[in-house]
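As you go down the protein sequences, you meet chains A and B in turn. Going letter by letter, the first sequence gives residues 7 to 119 in my numbering. Going letter by letter, the second sequence gives residues -11 to 103 in my numbering. Glycine residues also receive a C-beta, built at the ideal position from the N, C-alpha and C atoms.
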Amino acid sequence: GDSVTQMEGPVTLSEEAFLTINCTYTATGYPSLFWYVQYPGEGLQLLLKATKADDKGSNKGFEATYRKETTSFHLEKGSVQVSDSAVYFCALITMEYGNKLVFGAGTILRVKS
Amino acid sequence: DTAVSQTPKYLVTQMGNDKSIKCEQNLGHDTMYWYKQDSKKFLKIMFSYNNKELIINETVPNRFSPKSPDKAHLNLHINSLELGDSAVYFCASSLRTSGGGGEQFFGPGTRLTVL
Chain A
7 GDSVTQMEGP
17 VTLSEEAFLT
27 INCTYTATGY
37 PSLFWYVQYP
47 GEGLQLLLKA
57 TKADDKGSNK
67 GFEATYRKET
77 TSFHLEKGSV
87 QVSDSAVYFC
97 ALITMEYGNK
107 LVFGAGTILR
117 VKS
Chain B
-11 DTAVSQTPKY
-1 LVTQMGNDKS
9 IKCEQNLGHD
19 TMYWYKQDSK
29 KFLKIMFSYN
39 NKELIINETV
49 PNRFSPKSPD
59 KAHLNLHINS
69 LELGDSAVYF
79 CASSLRTSGG
89 GGEQFFGPGT
99 RLTVL
């Protein structure tokens, strides 16, 4: 079945460091890809999305490009802040059963000042 | 102004009890979901309803029964609670007609602890 694999965390960075969180997927057809963020004690918020190959999603300084040839959707940010500390989830949607979101295991990001 | 709301936020109960979690959305969406997040933060879909019709029913014990009285509400009833049911349960909603690119909006979660 469809699946998402994320790099294991936690990832610990100093403020203003460059961030990459790797995400690869396995899916039949052409899924839409998402990054969700979960701040401590809160629900999930959509960070960015891409619906077709070569699309780049971006929001709040974060970017990810839908790479069909490598089945990847890596999350990047040029300069992280302490407020970016959260859990980041890569996910895909399959249309097979009505917009079922399949999540990766999540990556904890800790940013130190 | 809350888009997707859940009640209660915290639920602590004894093994064997029956409990319900309620979810409401005011976004005008036609599809609602329940997800379970375990202690390792792993998220998995449980159920999905579109216009009050069940469209996704993952491999979930039949002690879990969702009920959708209307498009804006999706409740989750759990019978005979077990220790392994302890988790955070998230409700979400989306517009199915927007296809695979439709964003799912999540509620704040209900932390269930079974003692």
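Would you mind stating whether residue i and residue j have Cβ atoms separated by less than 8 Å?
i              : j                  : result
isoleucine 9/B : threonine 98/B     : yes
valine 17/A    : leucine 115/A      : yes
threonine 26/A : threonine 77/A     : no
valine -8/B    : glutamine 13/B     : yes
cysteine 29/A  : glycine 110/A      : yes
threonine 34/A : aspartate 8/A      : yes
leucine 39/A   : phenylalanine 79/A : yes
Which residue comes first and which comes last in the beta strand (DSSP E) that contains residue i?
i                  : result
alanine 97/A       : 92 to 100
lysine 55/A        : 50 to 56
glycine 63/A       : 62 to 65
alanine 80/B       : 75 to 82
valine 108/A       : 106 to 109
tyrosine 21/B      : 19 to 25
serine 85/A        : From DSSP, serine 85/A is part of no beta strand (DSSP E); its letter is neither H nor E.
leucine 71/B       : Here leucine 71/B belongs to no beta strand (DSSP E), and DSSP marks it neither H nor E.
valine 102/B       : 98 to 102
lysine 10/B        : 7 to 13
lysine 116/B       : The structure shown does not extend to residue 116/B, since chain B is modelled only from -11 to 103, so the question has no answer here.
phenylalanine 24/A : Premise fails: phenylalanine 24/A is in no beta strand (DSSP E) and is neither H nor E.
proline 54/B       : 52 to 58
serine 117/A       : Strictly speaking, residue 117/A in this sequence is valine, with serine absent from that position. Note, valine 117/A: beta strand (DSSP E), 113 to 118.
tyrosine 31/A      : 29 to 32
tyrosine -2/B      : -2 to 1
serine 38/A        : 38 to 44
Between residue i and chain B, is the shortest Cβ-Cβ distance under 8 Å, so that the two count as touching?
i              : result
valine 17/A    : no
alanine 127/A  : Because chain A here runs from 7 to 119, residue 127/A falls outside it and cannot be looked at.
lysine 106/A   : yes
glutamate 48/A : yes
leucine 52/A   : yes
valine 93/A    : yes
lysine 74/A    : no
Report the rounded CA-to-CA distance for residue i versus residue j, giving the unit in angstroms.
i               : j               : result
leucine 103/B   : glycine 95/B    : 24 Å
glutamine 87/A  : glutamate 22/A  : 6 Å
glutamate 70/B  : tyrosine 23/B   : 18 Å
tyrosine -2/B   : valine 43/A     : 21 Å
asparagine 63/B : alanine 59/A    : 37 Å
glycine 63/A    : asparagine 38/B : 27 Å
lysine 7/B      : tyrosine 45/A   : 27 Å
alanine 60/B    : aspartate 18/B  : 8 Å
threonine 57/A  : tyrosine 21/B   : 21 Å
alanine 75/B    : isoleucine 66/B : 13 Å
proline 37/A    : aspartate 58/B  : 29 Å
leucine 19/A    : threonine 11/A  : 21 Å
glutamine -6/B  : lysine 106/A    : 20 Å
Determine, for residue i, whether the minimum Cβ-Cβ distance to residues of chain A falls below 8 Å.
i                  : result
glycine 16/B       : no
glutamate 91/B     : yes
serine 56/B        : no
proline -4/B       : no
phenylalanine 52/B : no
threonine -10/B    : no
serine -7/B        : no
isoleucine 33/B    : yes
Any chance the region -5 to 13 of chain B sits against the region 82 to 101 of chain A, with 3 or more Cβ pairs inside 8 Å? Contact fails: fewer than three Cβ-Cβ distances are below 8 Å.
With contact counted as at least three CB pairs below 8 Å, one residue from each stretch, are the region 60 to 74 of chain A and the region 39 to 46 of chain B in contact? Counting Cβ pairs under 8 Å, fewer than three are found: no touch.
Touching or not, the region 45 to 52 of chain B and the region 64 to 84 of chain B, by the rule of three or more beta carbon pairs under 8 Å? The region 45 to 52 of chain B is in contact with the region 64 to 84 of chain B.
Given 8 Å as the limit, is there contact between the region 75 to 83 of chain B and the region 24 to 35 of chain B, that is, 3 or more CB pairs closer than that? The region 75 to 83 of chain B is in contact with the region 24 to 35 of chain B.
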